[in-house]
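Undergrad:
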Amino acid sequence: MSSPSVSPSVPPSASRFYQRWLAAAPDRAAKADELSQLSLARIDLEEYLQKEAAGKLPLARAMRRLRNLLVCTLIRRDLAGLANLAEVVDTMTRFADFAIQKHMAELHAEMAAAHGEPIGRDSGAPQQMIVLAMGKQGGGELNVSSDIDLIFVYGEDGDTAAGAGQRGLSNHEFFVRLGKKLIAALAEITEDGYTFRVDMALRPNGNSGPLAASLGMVENYLIVQGREWERYAWVKARAVTGRAEDIAALDGIVRPFCFRRYLDFGVIDAIRNMHAQIRAEVNRQERLHPDRSNNVKLGRGGIREIEFLAQVFQLIRGGRDAALRDRSTRTTLRIIAEKGLLSHAIVYQLLASYTFLRNLEHRLQYLDDAQTHTLPANDADRQTVAEMMGLADVATLLAQLEAHRQFVAGQFDEMFSDKTESGENDIALQSSNECADPDNREAMVARFTALGFQQPEDATKRLIATWQAPRLQSMPEASRNRLQGLINTALPLIIQASQESSGSQLATLGRLLDFLEAIARRSAYLSLLTEYPHTLARVIRMVHASGWAAKFLSQHPILLDELLDDRVRNAVFDPAALAADIDRQLAAFPGDTERQMDILREIHHAQLFHLLAQDLAGDLTVEKLADHLSALADTIVAATIKAAWQTVATRHREVPLFTVIAYGKLGGKELGYVSDLDVIFLYDDADQEAPAQYAKLAQRFITWMTSHTSAGILFDIDTALRPDGASGMLVSSVTAFEKYQSNAAWVWEHQALTRARYCAGDVAIGQRFEQIREAVLRKERPADGPLKPEVIAMRKRMMDARPNTSALFDLKQDPGGMIDIEFIVQYLVLQHAHTYPQLTANFGNIALLRICAELGLIDAGLAASVADAYRKYRKLQHQLRLQGQDLARIAPDLVEEQADQVRALWNSLFNNPEKP
Numbered sequence: 004m005s006s007p008s009v010s011p012s013v014p015p016s017a018s019r020f021y022q023r024w025l026a027a028a029p030d031r032a033a034k035a036d037e038l039s040q041l042s043l044a045r046i047d048l049e050e051y052l053q054k055e056a057a058g059k060l061p062l063a064r065a066m067r068r069l070r071n072l073l074v075c076t077l078i079r080r081d082l083a084g085l086a087n088l089a090e091v092v093d094t095m096t097r098f099a100d101f102a103i104q105k106h107m108a109e110l111h112a113e114m115a116a117a118h119g120e121p122i123g124r125d126s127g128a129p130q131q132m133i134v135l136a137m138g139k140q141g142g143g144e145l146n147v148s149s150d151i152d153l154i155f156v157y158g159e160d161g162d163t164a165a166g167a168g169q170r171g172l173s174n175h176e177f178f179v180r181l182g183k184k185l186i187a188a189l190a191e192i193t194e195d196g197y198t199f200r201v202d203m204a205l206r207p208n209g210n211s212g213p214l215a216a217s218l219g220m221v222e223n224y225l226i227v228q229g230r231e232w233e234r235y236a237w238v239k240a241r242a243v244t245g246r247a248e249d250i251a252a253l254d255g256i257v258r259p260f261c262f263r264r265y266l267d268f269g270v271i272d273a274i275r276n277m278h279a280q281i282r283a284e285v286n287r288q289e290r291l292h293p294d295r296s297n298n299v300k301l302g303r304g305g306i307r308e309i310e311f312l313a314q315v316f317q318l319i320r321g322g323r324d325a326a327l328r329d330r331s332t333r334t335t336l337r338i339i340a341e342k343g344l345l346s347h348a349i350v351y352q353l354l355a356s357y358t359f360l361r362n363l364e365h366r367l368q369y370l371d372d373a374q375t376h377t378l379p380a381n382d383a384d385r386q387t388v389a390e391m392m393g394l395a396d397v398a399t400l401l402a403q404l405e406a407h408r409q410f411v412a413g414q415f416d417e418m419f420s421d422k423t424e425s426g427e428n429d430i431a432l433q434s435s436n437e438c439a440d441p442d443n444r445e446a447m448v449a450r451f452t453a454l455g456f457q458q459p460e461d462a463t464k465r466l467i468a469t470w471q472a473p474r475l476q477s478m479p480e481a482s483r484n485r486l487q488g489l490i491n492t493a494l495p496l497i498i499q500a501s502q503e504s505s506g507s508q509l510a511t512l513g514r515l516l517d518f519l520e521a522i523a524r525r526s527a528y529l530s531l532l533t534e535y536p537h538t539l540a541r542v543i544r545m546v547h548a549s550g551w552a553a554k555f556l557s558q559h560p561i562l563l564d565e566l567l568d569d570r571v572r573n574a575v576f577d578p579a580a581l582a583a584d585i586d587r588q589l590a591a592f593p594g595d596t597e598r599q600m601d602i603l604r605e606i607h608h609a610q611l612f613h614l615l616a617q618d619l620a621g622d623l624t625v626e627k628l629a630d631h632l633s634a635l636a637d638t639i640v641a642a643t644i645k646a647a648w649q650t651v652a653t654r655h656r657e658v659p660l661f662t663v664i665a666y667g668k669l670g671g672k673e674l675g676y677v678s679d680l681d682v683i684f685l686y687d688d689a690d691q692e693a694p695a696q697y698a699k700l701a702q703r704f705i706t707w708m709t710s711h712t713s714a715g716i717l718f719d720i721d722t723a724l725r726p727d728g729a730s731g732m733l734v735s736s737v738t739a740f741e742k743y744q745s746n747a748a749w750v751w752e753h754q755a756l757t758r759a760r761y762c763a764g765d766v767a768i769g770q771r772f773e774q775i776r777e778a779v780l781r782k783e784r785p786a787d788g789p790l791k792p793e794v795i796a797m798r799k800r801m802m803d804a805r806p807n808t809s810a811l812f813d814l815k816q817d818p819g820g821m822i823d824i825e826f827i828v829q830y831l832v833l834q835h836a837h838t839y840p841q842l843t844a845n846f847g848n849i850a851l852l853r854i855c856a857e858l859g860l861i862d863a864g865l866a867a868s869v870a871d872a873y874r875k876y877r878k879l880q881h882q883l884r885l886q887g888q889d890l891a892r893i894a895p896d897l898v899e900e901q902a903d904q905v906r907a908l909w910n911s912l913f914n915n916p917e918k919p
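Oh and the sequence shown: position 260 is 263 in this note's numbering, straight run, nothing missing.
1) Secondary structure at Tyr-197, three-state DSSP: helix, strand or coil?
2) Would you identify the three-state DSSP class for Leu-717, choosing helix, strand or coil?
3) Compute the distance between the beta-carbons of Leu-218 and Ala-252, then report whether it is under 8 angstroms.
4) Please report the straight-line C-alpha distance between Gly-550 and Ala-804, rounded to a whole angstrom.
5) From which residue to which residue does the beta strand (DSSP E) around Ile-664 run?
6) Less than 8 angstroms separating the beta-carbons of Arg-725 and Ser-809?
7) Return the CA-CA distance between Pro-593 and Glu-657, expressed in angstroms with no decimal places.
8) Is it right to say Arg-474 is buried, meaning 16 or more other beta carbons lie within 10 angstroms of its own, or is it exposed?
9) Is the CB-CB distance between Val-750 and Pro-789 below 8 angstroms?
10) Applying the 10 Å Cβ sphere with the 16-neighbour rule, what's the burial state of Ile-192?
11) Going by DSSP in three states, Arg-781 sits in which element: helix, strand or coil?
12) If the criterion is Cβ atoms closer than 8 angstroms, does the pair Thr-96 and Leu-43 meet it?
13) For the segment 187–244, list the beta strand (DSSP E) runs that are entirely contained and at least 3 residues long, ordered along the chain.
14) Compute the distance between the beta-carbons of Val-734 and Pro-792, then report whether it is under 8 angstroms.
15) Between Arg-944 and Gly-675, is the Cβ-Cβ spacing less than 8 angstroms?
16) Going by other Cβ atoms of all chains shown within 10 Å of its Cβ, with 16 needed for buried, is Asn-381 buried or exposed?
17) Out of Phe-518, Asp-595 and Asn-746, which one is the CA nearest neighbour of Gln-558?
18) Could you tell me how far apart the beta carbons of Gln-317 and Arg-328 are, in whole angstroms, since I believe they sit closer than 8 angstroms?
19) Let me know if Glu-227 comes out buried or exposed under the rule of 16 or more other beta-carbons within 10 Å of its beta-carbon.
20) Mapping DSSP to helix, strand and coil, what is Gln-22?
21) Using beta-carbon positions only, say whether Ala-99 and Phe-199 come within less than 8 angstroms of one another.
22) For a quick check, are the C-beta atoms of Phe-661 and Tyr-686 less than 8 angstroms apart?
23) With distances taken from CA atoms, which of Arg-544, Asp-595, Ile-664 and Ile-639 is nearest Gln-617?
24) According to DSSP, simplified to helix, strand and coil, what is Ser-678?
25) Figure out for me which residue from Asp-162, Ile-186, Gly-671 and Ala-188 has the closest Cα to the Cα of Glu-176.
26) Is the segment 57–72 in contact with the segment 399–416, if contact means three or more CB pairs nearer than 8 angstroms?
27) Does Thr-375 come out as helix, strand or coil in the three-state DSSP assignment?
28) If you compare alpha carbons, which of Ala-665, Leu-25, Asp-896 and Gly-343 is closest to Ser-633?
29) On the three-state DSSP scale, how would you describe Thr-838?
30) Quick one: residues in its chain with C-beta nearer than 6 angstroms to the C-beta of Asp-152, no 5 flanking neighbours on either side, listed in chain order?
31) Can you pull the DSSP bridge partners for Pro-129?
32) Note the first and the last residue of the continuous beta strand (DSSP E) segment covering Leu-153.
33) Less than 8 angstroms between the beta carbons of Leu-700 and Val-651, yes or no?
34) Short of 6 angstroms in beta carbon distance, which residues of its chain neighbour Gln-386, apart from the five on each side in sequence? Order them along the chain.
35) Do the segment 715–724 and the segment 596–607 meet, that is, are 3 or more Cβ pairs less than 8 angstroms apart?
36) If contacts are defined as beta-carbon pairs under 8 angstroms, then Leu-82 and Ala-17 qualify, I think. What distance do you get, rounded to the angstrom?
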């Protein structure tokens, strides 16, 4: 099903239009011979226009002659195999732009000479008309015999600056008249033919609207009256003329109309309906005129369906991904493949089908320069078209056409088929409403019982609570029907999930209903789950596995997009690629702090969600997950520092000499899903403004991290470990930090230093920090000195501050728990690093326990048992967090053996037979 190359043996005389043009003047053959040697996509159109004008023809006549020369030369080059599709469409688009620009310059000057320059009422600046190319011209993919879709816009209302002998006009009247003159210059049929037919139907209010509209009118129209199909049309809008500032203002109006900030899956249904109307009209025409069948543009599997496939991804995701806003169908398809939204194989074949169909469309038009998209009725013309396509006969042409159309139609149906109609996994909108009527409790109970719910009465009570929730009371009927269908489909999937893995059916139902309530007012998310039923099944498996995951998804439903395919499971965490992606996305919104903060949150949440999905699937150990979460935090911190520094207007250098040092869980690379970041800020800059500038940067960094935006929060930040704690300066010079750590720091601060490391910022400062850290940790500390009693006293203060009065064992805080292990390791490092400098390496508690055993500092068997206990504690703590429990407490007998081993090691070190 490849797209055949054109046979070089087909002469241009196969085109009747070419024959007529050639026969009309004796010099045309030589012109065509000369021009056909060149790639028309690169020729100087101005030069050839002047040749056609020969110094005496008016612009309109010369432009028509140039148009005919270009079209006939394209026919010749295309049929000879010298020009590909790109050259044909690029040439026609360039020429259309050129013709508009030339005519506009001449006509505006004529109008201004008669009426004065139009002046903006508010700005006082001269006004120009923006001619917007829509459709295929806007996308740079114009046909040889196509009309052009235009919209006329001007900046401001006002009046012309009429002088003596000039008749003043309002700006509106000026540009309406100018638009009419432009249409006539392009479209009137003269002895030389026409340049382009012009269609103005896409303008605001269509053919009943004014021919030209101000920016204000366009903005009001799109906001108040703009329809879904107009979003599809305006994606292609491209300014061919106009002032740069007006074009930028128009772009600011059109972009949010076309591209929504959220993922707009509701557009699938809108395009489906629009396509159904187009298909109905094509079917009607084919019934009335059977000879007009095989419409390669609008028929099933035709060009329009490929365009819809490309544009649905643009309209869904273009608001969040600027790369998807390209106007070209071909370019957009390639970007879709690069982003993994469709496979490279599918996109390759779609491009091949698009090339075949567009080439065929051009050959249909080459016959008589007619704007046609259907195969000709008579057999001779069909044979000619087949030969133009490089094929032997009509049967081969029809077979290849059918193969391409079948493929395109299959891809279109995959995307746009109505998921509410039928199918094993589709959303059953028309199914029983037994579970949608809160007043029919008995029917609900019966339904839950029939499905196999273990607690049908409680399940009924929970579902009734959802239907009676305030946010559902004023839902549009379409959304309520979607929600009902989703719930009907979900109930047996909950039973299936409970059979595949342990967990409460009732808890899963409650989590799912909480999630559906959270998104009920966002029709786009209901549309996503309806259009992609497998995503609902993935949501159910996820919320069944983890209460925390259910809550996280409810807070950030945009992450549903990550469940559409297997990317979430197969994604390999790559910090370098992530950093580059963050830089690229932030660079697209320079100076827009709010958007940049949201981008950081969206990227962080998506990466977190990838790791969560892999975690729940059992693909990651607790240790590997913590490594990834810590590296993710490092990447976000680095990007935030870089972006926040750009908002410091008084910054004294482009790259700050500033570093973030990680402590605690981040420092030890043991970060969890909801861990705070314990950090301090260091700088090494002799500039007198440095302390104030870096204090601003640290404050901005904390604000960027902790602020609640529409996209949520990044991290809570704790800076209590900085020198002098809460009473100290927010930022410290490296010199001040070294002095404090050497002379004034408490033992507990040196304990914290054992888990500290460079996180982000200036690498040289990070290296200097590591030198200071090692020097402090390797100081000689007498065995009978204050270290041991200080560690014991600090541990007691922590237990006194957080007493556990329950009968459960607190994995973190209780004696024999995780903090005991961490204190043991910290003590061993501080006591022995002077003799054994390898202990200062930030290897983590388990590795350091093994090293201490190898050095003979602790019993090897006990060290191994305590390391195993630490692993088990972390795993249990992680499982409890996934279920949404804030306190990591369990029945004591589950870890009695492990706690005994930890207490034994503690007592062996601190010579204390009692509990610490």
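From the three backbone atoms N, C-alpha and C, an ideal C-beta is built for every residue, glycine too.
Keep in mind the model is a prediction, meaning the values are calculated, not measured.
TA: Taking the coordinates as given:
1) In the three-state reduction of the DSSP assignment, Tyr-197 falls in the coil class.
2) coil
3) yes
4) 29 angstroms
5) 661–666
6) Cβ distance not < 8 angstroms, so Arg-725 and Ser-809 don't count as in contact.
7) Their Cα atoms are separated by approximately 15 angstroms.
8) exposed
9) It is a contact, given that the beta carbons lie within the stated cut-off.
10) exposed
11) coil
12) no
13) 215–217
14) Contact: no.
15) Outside the displayed span of the chain (4 to 919) sits residue 944, for which this structure offers no information.
16) Exposed, by the Cβ-count rule.
17) Phe-518
18) 7 angstroms
19) Note that residue 227 corresponds to Val in the displayed sequence, not to Glu. Val-227 should be labelled exposed.
20) helix
21) yes
22) yes
23) Arg-544
24) coil
25) Asp-162
26) Because the criterion of three Cβ pairs below 8 angstroms is not met, the segment 57–72 and the segment 399–416 do not touch.
27) coil
28) The shortest Cα separation from Ser-633 among Ala-665, Leu-25, Asp-896 and Gly-343 belongs to Ala-665.
29) coil
30) Met-137, Gly-138, Asp-202 and Leu-205
31) Ile-122
32) 151–157
33) In contact: Leu-700 and Val-651 (Cβ atoms closer than 8 angstroms).
34) Val-397
35) yes
36) Contact between Leu-82 and Ala-17 holds: CB atoms are separated by about 7 angstroms, below the 8 angstroms threshold.
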